[in-house]
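Residue numbers (our numbering), protein chains in the order written: chain A, 1 to 318; chain B, 1001 to 1316.
Yeah, the Cβ is synthetic: ideal placement off N, Cα and C, and Gly gets one too.
Beneath this line is the structure, given in structure tokens, with notes to follow.
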Amino acid sequence: MLRFVARRTLFAIGVIWFVVTAVFVLFFAVPHDPARLIAGRQATPATVAAVAHNLWLDRPLPERYWHFLQSLLHGDLTSYRNNENVFRLIGNAVPVDISLAVGAAILWIVGGVGLGMVAARWPRRIADRISTITSLLFFSIPAFVVGLAFLYLLFYLPGIQGIHWFPPPGYVPLSKGVLPWAHALVLPWISLALSNIAIYSRLTRSSLLDVLGQEYIKTARAKGLSERTVVTKHAFRAALTPLVTQLGVDIATTFSGVILIEQVFGLNGLGRLAVQSLVGQDLPVIIGTAVVAAAFIVVLNLIVDILYAAVDPRITLS
Amino acid sequence: MPEEALGTAPWDDAASGALREQAPWGRAWRRLRRDWTAWVALIVILAVVALAVSAGLLEHITGHSATDPNLETGTDFRGQPLPPGTNGYLLGTDNLGRDVLVRVAFGARSSLLVGLVASAIAMVIGVVTGVAAGYFKGWVDGVLGRVIDVVLSFPYLLVALVLAAVFGANVFIAVLVIAGFSWGPVARVIRGTTLSLREREFVTAAKAVGASRVRIMFLEIMPNLLSIIIVLTTLLIPLAVMFEASLAYLGLGDPPPAPSWGNMLYDASSISGYGAWWFLLSPAIALAATTVAFNVLGDSLRDALDPAMDRLVAPR
């Protein structure tokens, strides 16, 4: 197990290094004039020269690369728009994304797995049929369109009538209380979770039906165990493996979904920070966001890899 | 991981010997012909294609420009968008007084174009790498598998954001990002099928006559992948269309006033247009109808041609 974890960790570090280098090459080696790109189109020559000096552009490439790595390691990136430390800005944005992603994940795992178990327990009955049709629908409609529809139907329309079911779009920090926090995030959570509920319920259903057809399940039934125990205790653990695989795949897609949902519901997370920095040509913030997000994703993938190895007894840990 | 078909029940008649004698294409056609959902989906797709093709004509007939603001006749006295059916605007106008119908039609054009081009690129890369990985096995397979793993572990929006920051947002980057993040799942499916095809007798026979490896891959194995390629392409297009709409919504496609469903949704959700439901509804319905139709058709084609196939990964 230790060797497996060590090897995967090394690989993860390699990927992070690759991303950092790719970002460096994209921002500092590909453009003809990175200083102008960062200073903005209206900058005076003096400003461009100052930026060039700040970015070490008057130094040779390897030295610049070294400086870039060091400034990342020391958390030494400054926004051009408001002179704030980029990592402070990111630190303020991350709780929003964690709230959004974790809440949605709990919703879709509980909802999807629950629905899938019901569908597998009574195949071709009403729950199964409904989940088949709705999963195709939510699979095909992007989460941000669902979010826009929710916002219009459940916030704007009742708002005209003077009914306020939900607070105006925006993030309420957890420090203001769990209820206000959750209240502001309910619609984003559901928008983000719906398509995944569709996928997880289908996945759980097919993987459970697979497992339920196997010999050891017959044995468990023959021992006289109740159907509930057979499904939840014996079959479920074996059906878990494809779900963990899917969870690994979903780290990246959820991140993309979170960026879009942030935009829909006006939540100031990493995605909005990056999009606004893009509009304002605030490149240090984009560099910082890209590196932090990539590192975050690589680490999450590493955790899922290890989790996967722990769940699936067929994988040899060496 | 096998996932079961979402549409109709596959292989109802697979066990009957009489059908197995017949050519697979004929059998697939017979199965497809009975599948009314596939026909509905096809009609919806053809309608969207017709809308895209007639976009220029619509602009000409109505005299409503797709891009130029038209605040005089396209908005009411308070400067608000016009509801559907007023002043000859069938689907109403947007916050700048532009005809929603004309813009949705041009949006269909850009969505389909981006969807088709990106899917085509992704299919070519995916099929070539998939066949190579499945045929050569060994280290080629290992390296490709790892590359796909790493590519798929990154969020496409993050990459699109970085590229847009360096090169400026435009539709070429959108196509590139969509293709770059779609070929991986295609390559995986193709690789799996190639692995089993390469052990078949006709490949052994080709080897025995001294056919080169390139010849075997392209002329012996690839024709056998045709049905999978058709299904994968049909399922890839809606993904690409969804990708494109998401990128455009975030302002990572062609900059405004370029008409795109994603752009329109963004405009509609901004404060100025939010009271106008038609302005939100039209692009949303166009987008949803297109993606649902392609997915339904893809599922039906898969059930008819190759029911054992895996589903692709969707953006959310």
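Cβ of residue i within 7 Å of any chain A Cβ
i       : result
M1264/B : no
T1291/B : yes
N1295/B : yes
P1155/B : yes
L1091/B : no
L1232/B : no
M1217/B : no
M1242/B : yes
S1269/B : yes
A1284/B : yes
S1182/B : no
L1042/B : no
S1300/B : no
S1246/B : yes
Beta-bridge pairing of residue i - partner residues as DSSP gives them
i       : result
T229/A  : Per DSSP, none; premise fails for T229/A.
D1099/B : T1093/B
V1073/B : For the sequence presented, residue 1073/B should be read as Thr rather than Val. Answer is none; T1073/B lacks a bridge partner.
N85/A   : T78/A
Listed by chain order, chain A residues near residue i by CB distance under 7 Å
i       : result
M1123/B : Correct list: empty, because the minimum Cβ distance to chain A is about 20 Å.
P1238/B : S140
Under 7 Å between C-beta atoms of residue i and residue j
i       : j       : result
G248/A  : V304/A  : yes
D1099/B : D1267/B : no
L194/A  : F138/A  : yes
V1296/B : T1037/B : yes
I1190/B : G1130/B : yes
V1140/B : V1159/B : no
L278/A  : A1165/B : yes
F1264/B : P1283/B : It should be noted that the sequence gives Met, not Phe, for residue 1264/B. Cβ atoms of M1264/B and P1283/B: closer than 7 Å.
P167/A  : A184/A  : yes
As assigned by DSSP and simplified to three states, the class of residue i
i       : result
P1081/B : strand
T1037/B : helix
N1170/B : coil
N54/A   : helix
T78/A   : strand
T1086/B : strand
E1021/B : Residue confidence for E1021/B is low, a pLDDT of 42 falling below 50, so the modelled location carries little weight and cannot support an answer.
W165/A  : coil
Y156/A  : helix
D1267/B : helix
Y171/A  : coil
G269/A  : coil
L1301/B : helix
S1212/B : coil
T1067/B : coil
W66/A   : helix
S1246/B : helix
K1207/B : helix
L1158/B : helix
V19/A   : helix
Neighbour flag for residue i against chain B, beta carbons, 7 Å
i      : result
A295/A : no
N268/A : no
P142/A : yes
N301/A : yes
F255/A : yes
A252/A : yes
A182/A : no
I286/A : yes
V146/A : no
L247/A : no
I259/A : yes
Contact set between residue i and chain B, taken where Cβ atoms lie within less than 7 Å
i      : result
L26/A  : V1162, V1166
V15/A  : V1150
L283/A : A1165
A6/A   : Under the 7 Å cutoff, chain B gives no residues; its nearest Cβ is about 17 Å from A6/A.
Interface partners of residue i on chain B, CB under 8 Å
i      : result
L137/A : V1292
A290/A : L1158, L1161, V1162
V264/A : S1269
V23/A  : V1162
Contact set between residue i and chain A, taken where Cβ atoms lie within less than 9 Å
i       : result
G1251/B : V275, L278, V279
L1287/B : I141, P142, V145
P1255/B : Within chain A, no residue comes near P1255/B; the closest Cβ sits about 11 Å away, beyond 9 Å.
Chain-ordered neighbours of residue i on chain D, where CB pairs are closer than 9 Å
i       : result
V1104/B : The chain inventory of the structure shown lacks chain D, comprising the protein chains A and B.
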